[in-house]
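*Asks:*
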Amino acid sequence: MIDLLVAGAGPAGAATAIRAALCGLSVVVVEPRSAPIDKACGEGIAHSACGYLDRLGVRLSGRPFYGIRYLDAQHQVDARFDAGPGLGVRRTALHASLIDRLAELEVPVLDRRVGAITQNTSSVTAAGITARYLAAADGLHSGIRRQLGLNAGAGNRSTGGSAAPRLAAPATSGAAGAVRRGLRQHFSVAPWSDLVEVYWSSLGEAYLTPVADDLVGVAILTSERGTFDSHLEAFPALRQRLRGAPAASSVMGAGPLRQRVSGRVAGRVMLVGDAAGYVDALTGEGIAVALRTSAELVRCVQEDRPEAYEAAWRRVSWECRLLTGSLLWARNSSLLAPRIVPAAALLPGLYGRIVNRLS
Numbered sequence: 008m009i010d011l012l013v014a015g016a017g018p019a020g021a022a023t024a025i026r027a028a029l030c031g032l033s034v035v036v037v038e039p040r041s042a043p044i045d046k047a048c049g050e051g052i053a054h055s056a057c058g059y060l061d062r063l064g065v066r067l068s069g070r071p072f073y074g075i076r077y078l079d080a081q082h083q084v085d086a087r088f089d090a091g092p093g094l095g096v097r098r099t100a101l102h103a104s105l106i107d108r109l110a111e112l113e114v115p116v117l118d119r120r121v122g123a124i125t126q127n128t129s130s131v132t133a134a135g136i137t138a139r140y141l142a143a144a145d146g147l148h149s150g151i152r153r154q155l156g157l158n159a160g161a162g163n164r165s166t167g168g169s170a171a172p173r174l175a176a177p178a179t180s181g182a183a184g185a186v187r188r189g190l191r192q193h194f195s196v197a198p199w200s201d202l203v204e205v206y207w208s209s210l211g212e213a214y215l216t217p218v219a220d221d222l223v224g225v226a227i228l229t230s231e232r233g234t235f236d237s238h239l240e241a242f243p244a245l246r247q248r249l250r251g252a253p254a255a256s257s258v259m260g261a262g263p264l265r266q267r268v269s270g271r272v273a274g275r276v277m278l279v280g281d282a283a284g285y286v287d288a289l290t291g292e293g294i295a296v297a298l299r300t301s302a303e304l305v306r307c308v309q310e311d312r313p314e315a316y317e318a319a320w321r322r323v324s325w326e327c328r329l330l331t332g333s334l335l336w337a338r339n340s341s342l343l344a345p346r347i348v349p350a351a352a353l354l355p356g357l358y359g360r361i362v363n364r365l366s
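Numbering (this note's numbering), first residue to last: 8 to 366.
Rendered as structure tokens:
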């Protein structure tokens, strides 16, 4: 019997498996999708997350960015990182690097689906494999989470797949409780800034991340109906920057982003990454939180204390959840939303401290 079975080979699952192997645990990963796995995301990795991946022996290549720029029609404010740069990395490149590290550590990655999960007081069985523990890292719309009855709230219903050229949602981006989704596409153009740019409009936000010397990624978050191209019309300054730049990838979609979870532990199964719950992509902290919580999961396996994982997960993720939730609350307020960027421009020191705290 192995120590840990990991369901899902995305960043959260792969990082969990790598750390477990480095800690001397026996581990197997099951993942039915072929590598490298792409996903609609902002593709910016915070400095702290880059450092953590480096300590795991994961070698990344991408384009450094040195801060975050907020822009709306009248304002622009920059916050540069104090601790060091983040890294813009294509999702496929990140995943390939993680898979390479798993191979170096001789961690098996099996082409299997999880299927039904059974467990007792000493083991858990899924995908035909019995282990002491199961780490569920099967993503935003986790089938394991649903199977174990850990979903909480109607916001967990998925309405789309990975390739989603069109969004459809009943609420507007300013409505309280609006269902938000994301669309992402790449463009062949040299980055014009060494910052990640976040463009704000009444429709939502557009994130511009440099991921190579000749490539940028654009991720749009909104709850409005429309296509990527129609949404881009809401950001005229960004649209002008991209004029004439050929698309370098197809449009991918993800959502609903908000995922409410009643708990992260069910017996000998622990949820990690997006499967463990998600607030929003506003602050771009998904990878960093996944890495920090994956370390706690492995520690709980080592100590044979799965019951300690819920509190550990809350302890290491609370700050990000609080900041993201607060910003999302302001974004969903018709009174506060148009004042977010002006307030950051008026209080650049406070804005910079918040950005550096997140990074």
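Virtual Cβ for every residue (Gly too), placed ideally from N, Cα, C.
Which residues in the same chain as A134 place their Cβ atom closer than 8 Å to its Cβ, once the five residues preceding and following it in sequence are excluded?
*Replies:* If we look at A134 and ignore the five residues flanking it on each side, its Cβ neighbours are L12, A14, V37, L117, R119, R120, V121 and G122.
*Asks:* Report yes if the CB atom of R267 is closer than 8 Å to the CB atom of G284, and no otherwise.
*Replies:* With respect to G284, R267 sits close: the two C-beta atoms are nearer than 8 Å.
*Asks:* With a threshold of 16 other CB atoms inside 10 Å of the CB of P355, please say whether the residue is buried or exposed.
*Replies:* exposed
*Asks:* In this structure, does DSSP put Y140 in helix, strand or coil?
*Replies:* strand
*Asks:* To the nearest angstrom, how far is the alpha carbon of G224 from that of Q126?
*Replies:* 42 Å
*Asks:* As a quick exercise: from H148, D45 and L304, pick the residue whose alpha carbon is nearest that of V323.
*Replies:* L304
*Asks:* What do you get for P263, buried or exposed, if any count of 16 or more other CB atoms within 10 angstroms of its CB means buried?
*Replies:* buried
*Asks:* Out of A219, V196 and S341, which one is the CA nearest neighbour of L67?
*Replies:* A219
*Asks:* Please decide whether R152 counts as near chain C, where near means a Cβ-Cβ distance under 8 Å.
*Replies:* Going by chain labels, chain C is absent from the structure shown, which holds only one protein chain.
*Asks:* Starting from F235, trace the alpha helix (DSSP H) in both directions and tell me its first and last residue.
*Replies:* F235 to L239
*Asks:* What does the alpha-carbon distance come out to for the pair R188 and R139?
*Replies:* 36 Å
*Asks:* Please return the same chain residues whose Cβ sits closer than 8 Å to the Cβ of P18, not counting the five positions on each side in sequence.
*Replies:* L101, H102, L105, G280, I294, A297 and L298
*Asks:* Could you check the C-alpha separation between L353 and A22 for me, to the nearest Å?
*Replies:* 39 Å
*Asks:* Helix, strand or coil for T128 per DSSP?
*Replies:* coil
*Asks:* Compute the distance between the beta-carbons of A318 and R152, then report whether it is under 8 Å.
*Replies:* no
*Asks:* From the DSSP secondary-structure annotation, give me the bridge partner or partners of H193.
*Replies:* G224
*Asks:* Identify which residue in R246, D221, S209 and A288 has its Cα closest to the Cα of S340.
*Replies:* S209
*Asks:* Do you know how far the Cα of Q83 is from the Cα of N363?
*Replies:* When rounded, the distance between both Cα atoms is 18 Å.
*Asks:* Using a Cβ-Cβ cutoff of less than 7 Å, which residues in the same chain neighbour S195 once the five nearest sequence positions on both sides are dropped?
*Replies:* D221, L222, A252, P253 and A255
*Asks:* Mind pulling the beta strand (DSSP E) runs of 3 or more residues that sit fully within the segment 294-344?
*Replies:* Whole beta strand (DSSP E) segments, 3+ residues: zero.
*Asks:* Exposed or buried, which one is G156 when buried takes at least 16 other CB atoms within 10 Å?
*Replies:* Exposed, by the Cβ-count rule.
*Asks:* Considering only the alpha carbon of each residue, which of I9, V276 and A261 lies closest to A47?
*Replies:* A261
*Asks:* Within the same chain, show all residues whose beta-carbon is closer than 8 Å to that of P115, passing over the 5 residues directly before and after it, in chain order.
*Replies:* V35 and V36
*Asks:* Does the contact criterion of 3 or more C-beta pairs under 8 Å hold for the segment 44-58 versus the segment 82-96?
*Replies:* Counting Cβ pairs under 8 Å, three or more are found: they touch.
*Asks:* What residue does the alpha helix (DSSP H) around T99 start on, and which one ends it?
*Replies:* R98 to E111
*Asks:* Where does Q83 sit, in a helix, a strand or coil, going by DSSP?
*Replies:* Of the three classes helix, strand and coil, the one that applies to Q83 here is strand, per DSSP.
*Asks:* Looking at C-alpha atoms only, which residue of S130, L335, E292 and L330 is the closest neighbour of I361?
*Replies:* L330
*Asks:* Can you give me the C-alpha to C-alpha distance between A178 and F235, rounded to a whole angstrom?
*Replies:* Per-residue confidence for A178 stands at a pLDDT of 34, beneath the threshold of 50, marking its modelled position as unreliable; no derived number is given.
*Asks:* Reducing DSSP to helix, strand and coil, say where I151 ends up.
*Replies:* helix
*Asks:* Which whole-angstrom value describes the C-beta separation of R275 and S149, a residue pair presumed to lie in contact below a C-beta threshold of 8 Å?
*Replies:* At roughly 16 Å, the Cβ-Cβ gap does not stay under 8 Å, so R275 and S149 are not in contact.
*Asks:* Under DSSP, the beta strand (DSSP E) around T23 begins and ends at which residues?
*Replies:* No beta strand (DSSP E) contains T23, which is instead part of the alpha helix (DSSP H) from P18 to L29.
*Asks:* Given S33, which residues of its chain have a CB within under 7 Å of its CB, disregarding the five upstream and five downstream residues?
*Replies:* I9 and D10
*Asks:* Considering only residues of the same chain and omitting the five flanking positions on each side of T290, which have a CB-CB separation below 8 Å?
*Replies:* C327, L330, T331, L334 and L365
*Asks:* Name the one or two DSSP bridge partners that V203 has.
*Replies:* I75
*Asks:* Would you list the one or two residues that DSSP bridges to A254?
*Replies:* F194
*Asks:* Leaving out five residues on either side along the sequence, give the residues of the same chain with a beta carbon under 7 Å from the beta carbon of R26.
*Replies:* Excluding sequence neighbours, R26 sits near L63, S301, A302 and V305.
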